[in-house]
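Let me begin by presenting the structure, written as structure tokens, before commenting on it.
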Amino acid sequence: HLRPGQQDNFGITTSENVMQLYNTLTGGIYVVTIGVAAISLLVGGIVIMNIMLVSVTERTREIGIRKAMGATRRAVLTQFLVESITLSLSGGIIGILAGVALALLSALVSPLPAAVSIPSIVAGLAMSAGIGVFFGSYPAWRASRLDPIEALRYE
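Quick note on full-length UniProt numbering: the sequence shown kicks off at 1 and runs consecutively.
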């Protein structure tokens, strides 16, 4: 009820306005989530690469012995790539288990349903393996290129 000369403070909000606001907010959250995930994957990949480089350095004599005994560059490369993929898949599995646990916890405390789909799990595992291949390639290549004579001299 307005008095004479009083400015009206009424507004009309349609369902379209509400949906537009909702889409704007969730779109921003989506972009931030993608950014955080991308940075996390990059950092995780760099950590895997550093771990594998340290592994190559610490196992230089072992690599030299294997190559002196007839191991091919491909065999050494494959060994270190498999180790890198195993390392990254271990992290991926831990992440998936944490995500499923959070979804179950969310379903317990919230009236909104929360579920983790099988395609999401498969995509997570594939991404983990891809990170392992990508960031493990350089250390594996370095290990495969070691000269057996120099590697055997390494202390």
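We put the beta carbon where it would ideally sit given N, CA and C, even for glycine.
> Which residues mark the beginning and the end of the alpha helix (DSSP H) in which Pro113 is found?
Replying inline: Counted from its first residue, the sequence shown places residue 113 at position 113. Looking at the DSSP string, Pro113 is not in any alpha helix (DSSP H), and its letter there is neither H nor E.
> Is Leu81 helix, strand or coil when you go by DSSP?
Replying inline: Along the sequence shown, one-based indexing puts residue 81 at 81. Reduced to three states, the DSSP call for Leu81 is helix.
> Which same chain residues, not among the five before or five after Leu41, have their C-beta less than 8 Å away from its C-beta?
Replying inline: Indexing the sequence shown from 1 puts residue 41 at position 41. Met127 and Ile131, listed in sequence order.
> Counting pairs of beta carbons, one from the segment 15 to 26 and one from the segment 99 to 115, are three or more of them closer than 8 Å?
Replying inline: no
> Using the C-alpha atoms, what's the distance from Val56 back to Arg74?
Replying inline: Position 74 of the sequence shown, counted from the first residue, corresponds to residue 74. Position 56 of the sequence shown, counted from the first residue, corresponds to residue 56. Roughly 15 Å separates the two Cα atoms.
> Sorted by chain position, which residues of the same chain lie with C-beta nearer than 6 Å to Val100's C-beta, five sequence neighbours on each side aside?
Replying inline: For the purposes of this step, residue 100 is taken as the residue at position 100 of the sequence shown. Around Val100: Val116.
> For Pro4, which three-state DSSP category applies?
Replying inline: As a working mapping, residue 4 is identified with position 4 in the sequence shown. Looking at Pro4 - three-state DSSP - the assignment turns out to be coil, as it is neither helix nor strand.
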